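S.K.: Please find one structure pasted underneath; my questions will follow.
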């Protein structure tokens with residue numbers, strides 16, 4: 365994902381509270397937006413490179429060839445109000461469905477984020493099982509985790525190894541080349557570093573003015589200078 369595509373020098377963001385200068389705050393906002401887009405790109409690449417059957421409907425899922433089917437989150441029978449996991453895995457031999465939430469980050473996630481994600485994904489699994497009669501479980505896939513234990517650690521120990529998987533494990537199940545996916549995900553690194561450093565260079569060599577920040581856009585409070 366290209367950092368330059370997400371950059372807006374006029375963006376007013378929460379980063380202004382920390383960095384003050386519009387250019388630096390806008391750059392940090394662009395980094396965050398690019399990271400979020402990387403998660404969506406990963407989902408696309410998983411479907412692109414999976415060698416197992418893929419499906420976008422319940423009927424196609426049941427009639428697909430092979431034992432493992434990777435299923436789109438857009439299947440109507442699996443859609444839930446308010447929250448939607450990233451994808452599903454169907455095991456035809458066992459007639460079981462796995463609700464899959466994929467996290468790209470390599471560091472530990474904060475406690476509230478981890479707890480919320482685990483609870484929401486589990487509740488989706490229970491609702492789908494009740495709706496379809498298919499035995500349904502859930503897993504949080506920590507893409508960059510080195511092991512199941514590492515994945516649990518990144519989730520602050522709030523779940524067990526039964527409810528997690530690594531990116532390598534997922535790729536093994538669906539027959540996807542993890543290294544090739546990683547190469548596509550990171551293909552813009554050099555361009556992103558060059559763009560990031562060029563913008564920081566502009567800020568470091570010019571007189572960075574403190575910008576007026578309208579707090580009312582965030583909290584409804586008074587305007588103030590930072």
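Residue numbers (this note's numbering): 365 to 590. Even glycine gets a Cβ: it sits at the ideal position worked out from N, Cα and C. In this text, all values refer to a predicted model and were calculated from it rather than measured experimentally.
#1: Can you find the residues in the same chain that come closer than 7 Å, C-beta to C-beta, to residue 442, ignoring five residues on each side of it along the sequence?
#2: Among the candidates 402, 392, 434 and 429, whose CA atom is the shortest distance from the CA of residue 411?
#3: Please report the residue range of the beta strand (DSSP E) in which residue 464 lies.
#4: Could you tell me which residues DSSP pairs with residue 436 in its beta bridges?
#5: Please report the residue range of the alpha helix (DSSP H) in which residue 395 lies.
#6: Given residue 482, which residues of its chain have a CB within under 8 Å of its CB, disregarding the five upstream and five downstream residues?
#7: How is residue 535 classed by DSSP in three states: helix, strand or coil?
#8: Alpha carbon to alpha carbon, how far is residue 525 from residue 536?
#9: Our contact map puts residue 436 next to residue 420 with C-beta atoms below 8 Å; I'd like the distance itself, whole angstroms only.
#10: Tell me the residue span of the alpha helix (DSSP H) that contains residue 545.
#11: Assuming contact is defined by CB atoms lying nearer than 9 Å, are residue 418 and residue 367 in contact in what I supplied?
#12: For residue 569, count neighbouring Cβ atoms within 10 angstroms of its own Cβ and tell me buried if that reaches 16, exposed if not.
#13: Can you tell me the Cα-Cα spacing of residue 512 and residue 500, whole angstroms?
#14: Do you know how far the Cα of residue 400 is from the Cα of residue 539?
M.R.: Reading from the atomic positions:
#1: 452 and 492
#2: 434
#3: 460 to 467
#4: 451
#5: 386 to 413
#6: 504, 519, 522, 523 and 527
#7: helix
#8: 17 Å
#9: 4 Å
#10: 542 to 549
#11: no
#12: Reliability fails at residue 569, whose pLDDT of 47 lies under 50, so the model's placement of it is uncertain and no value is given.
#13: 20 Å
#14: 25 Å
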